[in-house]
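Novice: Residue numbers (our numbering): 64 to 391.
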Amino acid sequence: SPNLQKMEESSLLRRENCRAKGGAPGFKVAILGAAGGIGQPLAMLVKMNPLVSVLHLYDVVNSPGVAADVSHMDTGAVVRGFLGQPQLESALTGMDLVIIPAGVPRKPGMTRDDLFKINAGIVRTLCEGIAKCCPHAIVNLISNPVNSTVPIAAEVFKKAGTYDPKRLLGVTNLDVLRANTFVAEVLGIDPRDVDVPVVGGHSGVTILPLLSQVKPACTFTADEINYLTDRIQNGGTEVVEAKAGAGSATLSMAYGAAKFADACLRGLRGDAGIVECSFVASQVTELPFFASKVRLGRGGAEEVFPLGPLSEYESLMDLINSCNKLFC
Ligand code: NAD
Ligand code: LMR
Numbered sequence: 064s065p066n067l068q069k070m071e072e073s074s075l076l077r078r079e080n081c082r083a084k085g086g087a088p089g090f091k092v093a094i095l096g097a098a099g100g101i102g103q104p105l106a107m108l109v110k111m112n113p114l115v116s117v118l119h120l121y122d123v124v125n126s127p128g129v130a131a132d133v134s135h136m137d138t139g140a141v142v143r144g145f146l147g148q149p150q151l152e153s154a155l156t157g158m159d160l161v162i163i164p165a166g167v168p169r170k171p172g173m174t175r176d177d178l179f180k181i182n183a184g185i186v187r188t189l190c191e192g193i194a195k196c197c198p199h200a201i202v203n204l205i206s207n208p209v210n211s212t213v214p215i216a217a218e219v220f221k222k223a224g225t226y227d228p229k230r231l232l233g234v235t236n237l238d239v240l241r242a243n244t245f246v247a248e249v250l251g252i253d254p255r256d257v258d259v260p261v262v263g264g265h266s267g268v269t270i271l272p273l274l275s276q277v278k279p280a281c282t283f284t285a286d287e288i289n290y291l292t293d294r295i296q297n298g299g300t301e302v303v304e305a306k307a308g309a310g311s312a313t314l315s316m317a318y319g320a321a322k323f324a325d326a327c328l329r330g331l332r333g334d335a336g337i338v339e340c341s342f343v344a345s346q347v348t349e350l351p352f353f354a355s356k357v358r359l360g361r362g363g364a365e366e367v368f369p370l371g372p373l374s375e376y377e378s379l380m381d382l383i384n385s386c387n388k389l390f391c
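(1) Have a look at G308 and K170 and give me their C-alpha separation to the nearest angstrom.
(2) Looking at the strands, I want to know which residues DSSP matches up with L120.
(3) Is the distance from the Cβ of S378 to the Cβ of V357 below 8 Å?
(4) Given a threshold of 16 other Cβ atoms within 10 Å of its Cβ, counted over all protein chains shown, does V117 qualify as buried or as exposed?
(5) Can you have a look at V124 and say buried or exposed, based on whether 16 or more other CB atoms are within 10 angstroms of its CB?
(6) Quick check on the DSSP output: the beta strand (DSSP E) that includes R358 runs from which residue to which?
(7) Quick one: grab the DSSP three-state call for K110.
(8) Counting only runs of 3+ residues fully inside the region 300-373, write out the beta strand (DSSP E) ranges in chain order.
(9) For the structure I just gave you, are there three or more beta carbon pairs, one from the region 179-188 and one from the region 230-244, closer than 8 Å?
(10) Using DSSP with H/G/I as helix, E/B as strand and the rest coil, what is I383?
(11) At the level of alpha carbons, what is the spacing between I383 and G224?
(12) Under the criterion of a Cβ to heavy atom distance below 7 Å, does H265 qualify as lining the ligand LMR?
(13) Rounding to the nearest angstrom, what Cα-Cα distance links S374 and G263 in this structure?
(14) In terms of residues, what are the limits of the beta strand (DSSP E) holding I185?
(15) With a CB to CB cut of under 6 Å and the five nearest residues on each side skipped, what residues in its chain are close to R329?
(16) If I measure Cβ to Cβ from G102 and keep anything under 6 Å in the same chain, skipping five residues before and after, which residues do I get?
(17) With a threshold of 7 Å on Cβ separation, who are the neighbours of K69 within its own chain once the five nearest residues in sequence on each side are excluded?
(18) Taking its Cβ as the centre, do 16 or more other Cβ atoms sit within 10 Å of G205, making it buried, or is it exposed?
(19) Does the distance from the CB of V115 to the CB of F145 come in under 8 Å?
(20) Determine the direct distance from the alpha carbon of K278 to that of V259, and round the result to whole angstroms.
(21) Quick check on the burial criterion: 16 or more other C-beta atoms within 10 angstroms. Buried or exposed for R332?
(22) Below 8 Å between beta carbons: does that hold for L291 and L271?
(23) I'd like to check one pair, A247 with V257: are the Cβ atoms closer than 8 Å?
(24) Tell me whether the beta-carbon of L237 lies closer than 8 Å to the beta-carbon of C196.
(25) Where C391 and P168 are concerned, what is the direct C-alpha to C-alpha distance, given to the nearest angstrom?
(26) How would you call L189, buried or exposed, if buried means at least 16 neighbouring beta carbons within 10 angstroms?
(27) State the beta-bridge partners of I272 as determined by DSSP.
(28) Rounded to a whole number of angstroms, what is the C-alpha to C-alpha distance between L232 and V141?
(29) Just tell me which of S315, L108, E339 has its CA closest to the CA of S355.
(30) Compute the distance between the beta-carbons of A194 and V219, then report whether it is under 8 Å.
(31) For I215, count the other beta carbons within 10 Å of its own beta carbon; 16 or more makes it buried, fewer makes it exposed. Which is it?
(32) Which residues in the same chain have their Cβ closer than 6 Å to the Cβ of G166, if we skip the five residues on either side of it in sequence?
(33) Helix, strand or coil, according to DSSP, for K221 in the structure here?
(34) Count the other C-beta atoms from every protein chain shown that fall within 10 angstroms of the C-beta of E365, then say buried if there are 16 or more, exposed otherwise.
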């Protein structure tokens, strides 16, 4: 009933005001594509983040249901659902961070580039909305092919006159999670104690794990390097094949995206020493966009770190050639 709706709305506003008065750090986060395989568990994980005071869930289908569900979790963030293009602007207005997992996923036999046509259009529309309604927000772009959707988003923002390369971040940390997990398995240690930088892009051979820079320091045999590199580069395909037509990685990606969003928010809050791998505008190689370690701060990716010393196996020339072939 209209009365009930009014009461709900004023109770949400009361909670928002109460948090603001308490001086609690409260960032406003929107998830675009929130009803999808990644979007739903990501909405749940972001709702659990104490740095988030407002969570907007936007999709072209089912977002009211996801919002109603997640809103019953007794954590601080106020949740609102937004459905369809006419509500995109309301979903985006005032946001500090926008996470985009909207778009179609792969089926077995497809490459990420096969998603380009449809996902490029979706990302373009969503980024036009961001440029208009929250031009200073940090953007975490998940939709594939990341190697191409990030440059497209950059072009949309340039056209709108709002482009800040530091605030546009392609989410590639799933490659790092996989690398940490598989390396830990080989070393027989806990994955939480492992840190593997993964650089380049987010597709096949453009994904380059720097196994020569693994922490804790260790050495691998040639067979282990071949096995690990191949498994990390094809981790996405491993999941696509195991799901046998029901989509690609969703739960591990939601976990990765929630971790990455938290790092971005801690950076926005001004925490020091926040470093993650991300696909960003870069001068580290001759390529315009490249994934490497970045330092996250109040302005987004404030520093893009150089790659450091590489082994013979981690040939930069080979990587640049593959990236050049695969970037659209
Ligand atoms: P999914 O089909 O389960 O969900 C996608 C959601 O996007 C759906 O709810 C759909 O309604 C929504 N959507 C479609 N068009 C939209 C629009 N115009 N505006 C808003 N929402 C829209 O797919 P998924 O498994 O969640 O994957 C989403 C994307 O993430 C895919 O492109 C996939 O390839 C990519 N992905 C990237 C990584 C990475 O490492 N960066 C990892 C996994 C998946
Ligand atoms: C992944 O790496 O899991 C994602 O990019 C999804 C895919 O299509 O592999």
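Note that the Cβ used here is the ideal one computed from N, Cα and C, for glycine as well.
Predicted model only: the values in this text are computed from it and were never measured.
Specialist: Concretely, from the data shown:
(1) Going from the Cα of G308 to the Cα of K170 covers about 5 Å.
(2) In DSSP, L120 forms a bridge with I94, G144.
(3) Taking 8 Å as the Cβ cut-off, S378 and V357 do not qualify as a contacting pair.
(4) With 16 or more other Cβ atoms from the protein chains shown falling within 10 Å of its own Cβ, V117 counts as buried.
(5) If you draw a 10 Å sphere on the C-beta of V124, you find fewer than 16 other C-beta atoms in it, and that means exposed.
(6) According to the DSSP assignment, R358 belongs to the beta strand (DSSP E) that extends over 352-360.
(7) The DSSP-derived three-state label of K110 is helix.
(8) List check, beta strand (DSSP E) in window: 337-344, 352-360, 363-367.
(9) Result no; under three Cβ-Cβ pairs closer than 8 Å.
(10) Collapsing the DSSP output to three states places I383 in a helix.
(11) Straight-line spacing of the CA atoms in I383 and G224 works out to 29 Å.
(12) In this structure, the ligand LMR has a non-hydrogen atom nearer than 7 Å to the beta-carbon of H265.
(13) For S374 and G263, the distance between alpha carbons rounds to 15 Å.
(14) Taken as a continuous stretch (DSSP letters only), I185 belongs to no beta strand (DSSP E), being part of the alpha helix (DSSP H) at 179-196.
(15) So the qualifying residues of the chain are I337.
(16) Closer than 6 Å at the Cβ level, and outside the excluded window around G102, lie I94, G96, P164.
(17) Closer than 7 Å at Cβ, skipping near neighbours: no residue.
(18) Note that residue 205 corresponds to Ile in the displayed sequence, not to Gly. By the neighbour-count criterion, in which 16 or more other beta carbons inside 10 Å mark a residue as buried, I205 falls on the buried side.
(19) No. Outside cutoff.
(20) In this structure, the alpha-carbon of V259 lies about 7 Å from that of K278.
(21) Exposed: under 16 other Cβ atoms inside 10 Å.
(22) Result no, Cβ atoms of L291 and L271 do not sit closer than 8 Å.
(23) Taking 8 Å as the Cβ cut-off, V257 and A247 qualify as a contacting pair.
(24) No, Cβ-Cβ distance for L237 and C196 is not below 8 Å.
(25) Its pLDDT being 45, under 50, C391 is placed unreliably in this model, and the value from its coordinates should be taken loosely. The straight-line gap from Cα to Cα measures roughly 18 Å.
(26) By the 10 Å Cβ count, L189 comes out buried.
(27) Sequence inspection shows Pro at residue 272; the Ile mentioned does not correspond to that position. Answer by DSSP bridge pairing, in chain order: V261.
(28) Rounded to the nearest whole angstrom, the C-alpha separation of L232 and V141 is 25 Å.
(29) The alpha carbon of S355 has as its nearest neighbour, out of S315, L108, E339, the alpha carbon of E339.
(30) Their beta carbons are under 8 Å apart, which means A194 touches V219 by this criterion.
(31) The residue in question, I215, is buried, as its Cβ has 16 or more Cβ neighbours within 10 Å.
(32) Within the same chain, G166 has close Cβ partners N182, I185, S206.
(33) It is helical.
(34) In the assembly as shown, E365 is an exposed residue. Its beta-carbon has fewer than 16 other beta-carbons within 10 Å.
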